[in-house]
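Sequential numbering of the sequence shown, starting at 84, is according to the numbering used here.
Take a look at the structure set out below.
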Amino acid sequence: MGDDKLRVLRNFNLAKLFDPERAALIKSLWNGFAELYDLLGEIKTDPQYFRLKAKVWYELFLKKTVIDPETNNILEQGLYRSSDVTPYIHVLVSHVWEFMLIHKRWGLNAFSCSAVEKKNHNHVCYFFKKTLKNGGNFQNKTSAICEILEHENRLLFYTQNNVSLSYPKPQNIHIL
């Protein structure tokens, strides 16, 4: 995470946007995440301690809104729903402590998602570049994920079988 994001995470005044109770709840969530982030950077973090802190943070993340059934008034404001949990949050809460335990000698800096993110970026760029041709009119009805996987399979085939992906333009054109 960049320095600017960390500065915002630690110093943003949420009370200017939300009522004090809601601001305190969101700030507590942010502070918990900042603590997890700091623990990730420390070499001597105990995996079980990280697991406990991540679980507490996750429970706060999924804090439910409590509504009085008779008056329909909100008694206690919640934060997020379980459908808001991303794969990154799942890994942070459920697996990072395992990585810390198993791969302690390397540290977590040895693990990076940048290659996966780059591959995803390339696939998305390829797909949207392709779909925007012809004014965005689709030429076939296959799903985006199928097209992306088929394209990757072709690239793997060409690479493994030394098939050239480009051919030089002819220097001379003979018209008969």
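In this text, a Cβ means the ideal position worked out from N, Cα and C, and glycines have one as well.
Only a predicted model underlies this, so the values are computations on that prediction, with no experimental measurement involved.
- Per DSSP, reduced to three states, the secondary structure at V149 is strand.
- Judged by DSSP secondary structure, E104 falls within the alpha helix (DSSP H) whose first and last residues are P103 to G124.
- Using a Cβ distance threshold of 7 Å, A137 and L112 do not count as a contacting pair.
- Straight across, the Cα-Cα distance linking T242 with L135 is about 46 Å.
- For L248, the closest alpha carbon among the candidates N255, H234, H257 and I258 is that of H234.
- Residue range I157 to E159 is occupied by the beta strand (DSSP E) that includes I157, with no alpha helix (DSSP H) assigned at that position.
- In this structure, DSSP gives R164 a state outside helix and strand, which the three-state scheme calls coil.
- Per DSSP, the continuous alpha helix (DSSP H) segment holding Q131 begins and ends at P130 to F144.
- For N96, no alpha helix (DSSP H) segment is defined, and its DSSP state is neither H nor E.
- DSSP, read as helix, strand or coil, puts S249 in coil.
- Around the beta carbon of F240, fewer than 16 other beta carbons sit within 10 angstroms, so the residue counts as exposed.
- Per DSSP, the unbroken alpha helix (DSSP H) holding I172 starts and ends at P170 to S177.
- Taking a C-beta distance under 7 Å as the contact criterion, K146 and L158 do not qualify as a contact pair.
- In the three-state DSSP reduction, H186 falls in the coil class, being neither helix nor strand.
- CA-CA distance, H206 to N236, rounds to 12 Å.
- Sequence-distant Cβ neighbours of L122 in its own chain, meaning closer than 6 Å and more than five residues away, are T128 and F133.
- The Cβ atoms of R105 and Q160 lie closer than 7 Å to each other.
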